[in-house]
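Chains as they are written, first to last, in this note's numbering: chain A, 154 to 452; chain B, -19 to 270.
Here is the structure we will look at.
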């Protein structure tokens, strides 16, 4: 017994057991079950029969699903681009010598740590058609004469939820990029400045190349979580108006849980996987660490 | 935190004050205002009487006659205290369980280096990338088959699917930073692997454990889609789900109590976070680096 406990293979297996058991039962198995359900016509309370690609064929011709795919792509691209630029800007500002720096950093991260479902309710209230504070300010400034119907018009609603998503995601991007910025030695900037580099050149030729690996990771996470977002949409618009803000995740919930069509919902969820894999592979191969970023030479 | 191995002060002193005001302080002020405004708005709405809430006159940014009516309604006429209790129980139990499983797993992968440790580490990372929104439908079927539907156990057992990968990944990085020599000394002195883990590794990785714990706790406190799907009766709901599904009655929105619910539900994580900002940030950035 004692010898067994000092054998690294046996002990390793023993230590892995709790984590592995939980993950196999509640992660790997459901993942496989999800793929299987996508090929069946399962309903709530009834195990389905194998129907092959029927679900996917139906969804391909379904206009709501196509709209949801379009919305998801728009939501992901627009929100990720905005989060990246605003987050990088904020990170660069926070990297200056600021008074109360740690206070600012703590305050800025607040949107990221409070429950998204609850801050989404605040946005719902901010975007209210009759009492929106944004409309109130704009009317007082004389910029508009009627209250904006933020969530009643398809395009207004799309940009409103994108704004809420950006609000929630910028702190994460900013704080992680800040951690990356802090590892860049100031001597590099000094050397560049002595060589006559302008601030823009210092950013373009020093900051950006050294930051690329961490940008790749941060943006992969950001794209991943934006693409599969559920809470914001569910709370603010429930996919409305006229399905204009339905994402793949909210649509699959809608079809599977209140609608009862487990098989169809699972097929929508599984249809997200290729996009996620593409995003991960793109950032892995496109933006991975280059040898010169670690002091070596590039081939 | 400054860059390693340099005494340089940076070149910020070269910029004049007016220039810094425009390039740094002004944008920073705008960022902070926009990022914090929804919280201010939540708070002010919580204390506004309905008459002020539903009028377009006056200054909406301030309260004239603050009231506790919304909070009172929330605490005494809804199941809010029960949701709060559920959230606490689910978050604490699933965080502790995940942390325990993650410590063992991370130690096994990083230090025991059993055969197949490398692929296992990679698998853990991949598990972290699986989003809950593609898992909730099959998980709902499993939860139902296990007879856990509409119980707290449904949440306690499913939250570790995203907590364990995250905590393990974080702790693996932490354990990596502890010198091997300490373990070798203990092995020579006749300590067993278990003793090494408990008496040497764990005391040295307390900051890492706090980071992982805080982060896991907020993740499970904020979880929404599983709680929405696996629980249906009011007594078992968590705060985010309860506020979203039960406080909205028909077409009349009780903005005051909705905002009060959002505010009170956010406070525990915000307070916890404010005590452990550094740990939280290192947990967040630690998971992204490498």
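Think of the CB as a built atom: it goes at the ideal place given N, C-alpha and C, for glycine as much as any other residue.
Since the model is a prediction, treat every value here as computed from it, not as a measurement.
Quiz prompt | 7 angstroms Cβ cutoff, residue 287 of chain B in contact with chain A | solution = Limits of chain B in this structure are -19 at one end and 270 at the other, which puts residue 287 of chain B out of reach.
Practice problem: Report yes or no: do the region 39 to 54 of chain B and the region 62 to 73 of chain B share at least 3 C-beta pairs separated by less than 8 angstroms? | Solution: Of all C-beta pairs linking the region 39 to 54 of chain B to the region 62 to 73 of chain B, fewer than three are shorter than 8 angstroms, placing the two stretches out of contact.
Practice problem: Taking 8 angstroms as the threshold, find out whether the region 310 to 320 of chain A comes into contact with the region 53 to 61 of chain B through three or more Cβ pairs. | Solution: They do not touch, by the three-pair rule.
Quiz item: Contact between the region 235 to 255 of chain B and the region 251 to 271 of chain A: three or more CB pairs below 8 angstroms?
Solution: yes
Exercise. Can you say whether residue 201 of chain B is buried or exposed, counting buried as having 16 or more other CB atoms within 10 angstroms of its CB?
Key: It counts as buried.
Quiz item: Does the region 78 to 98 of chain B come close enough to the region 144 to 152 of chain B to have 3 or more Cβ pairs within less than 8 angstroms?
Solution: The region 78 to 98 of chain B, when compared against the region 144 to 152 of chain B, does touch it at the 8 angstroms Cβ threshold.
Quiz item: Between A:258, A:305 and A:296, which lies nearest to residue 394 of chain A when the distance is taken from Cα to Cα?
Solution: A:305
Self-check item: Opposing strand residues paired with residue 233 of chain B [DSSP bridges]
Solution: B:228
Quiz item: Going by DSSP, what residues sit across from residue 199 of chain A in a beta bridge?
Solution: A:196
Practice problem: Tell me whether the beta-carbon of residue 401 of chain A lies closer than 7 angstroms to the beta-carbon of residue 221 of chain A. | Solution: yes
Quiz item: Secondary structure at residue 358 of chain A, three-state DSSP: helix, strand or coil?
Solution: Residue 358 of chain A: helix per DSSP, three-state reduction.
Self-check item: residue 46 of chain B - DSSP class collapsed to helix/strand/coil
Solution: Collapsing the DSSP output to three states places residue 46 of chain B in coil.
Practice problem: Could I get the ranges of all uninterrupted alpha helix (DSSP H) runs contained in the region 141 to 198 of chain B, with 4 residues as the minimum, in chain order? | Solution: 160 to 168 and 173 to 176
Self-check item: Same chain, Cβ closer than 6 angstroms to residue 425 of chain A, neighbours up to 5 away in sequence not counted
Solution: The residues are 401.
Quiz item: What residues from chain B crowd round residue 377 of chain A, counting only those whose CB sits closer than 9 angstroms?
Solution: 109 and 111
Exercise. Could you name the residues of chain A that residue 66 of chain B contacts, counting a contact when the two beta carbons are closer than 7 angstroms?
Key: Those do not exist, as residue 66 of chain B stays about 14 angstroms from chain A at its closest Cβ, beyond 7 angstroms.
Self-check item: Whole-number beta carbon distance between residue 239 of chain B and residue 22 of chain B, since they are thought to touch under 8 angstroms
Solution: 5 angstroms
Quiz item: Quick one, which residues of the region 117 to 147 of chain B are near chain A if we go by CB-CB under 8 angstroms, in chain order?
Solution: 117, 118, 119, 120, 121, 122, 137, 138, 140, 141, 144 and 145
Exercise. Would you please state the rounded distance, in angstroms, between the beta carbons of residue 234 of chain B and residue 227 of chain B? I believe it to be under 8 angstroms.
Key: 7 angstroms
Quiz item: Do you know offhand how far residue 121 of chain B's Cα is from residue 129 of chain B's?
Solution: Separation of residue 121 of chain B and residue 129 of chain B (C-alpha to C-alpha, rounded to the nearest whole angstrom) is 9 angstroms.
Quiz item: Using a beta-carbon distance cut-off of less than 9 angstroms, what residues from the region -1 to 26 of chain B approach chain A?
Solution: Residues passing the 9 angstroms Cβ filter: 0, 3, 4, 5, 7, 8, 11, 12, 14, 15, 16, 17, 18, 19, 21, 22 and 25.
Self-check item: Outcome for residue 104 of chain B when other beta-carbon atoms lying within 10 angstroms are tallied against a minimum of 16
Solution: buried
Practice problem: Give the residues of chain A in contact with residue 40 of chain B, contact being defined as C-beta atoms less than 7 angstroms apart. | Solution: 286 and 289
Quiz item: Nearest-angstrom Cα distance between residue 1 of chain B and residue 360 of chain A?
Solution: If you draw a straight line from the Cα of residue 1 of chain B to the Cα of residue 360 of chain A, it is about 22 angstroms long.
Quiz item: Can you name the start and end residues of the alpha helix (DSSP H) that residue 118 of chain B belongs to?
Solution: 116 to 125
Quiz item: Any contact of the region 172 to 189 of chain B with the region 209 to 219 of chain B, i.e. 3+ C-beta pairs under 8 angstroms?
Solution: no
Quiz item: Taking the C-alpha atoms as reference points, what is the distance between residue 196 of chain A and residue 118 of chain B?
Solution: 12 angstroms
Quiz item: Whose C-alpha, out of B:90, B:40, B:96 and B:114, is nearest the C-alpha of residue 153 of chain B?
Solution: B:90
Quiz item: Hey, would you say residue 398 of chain A sits closer than 7 angstroms to residue 383 of chain A, going by beta carbons?
Solution: no
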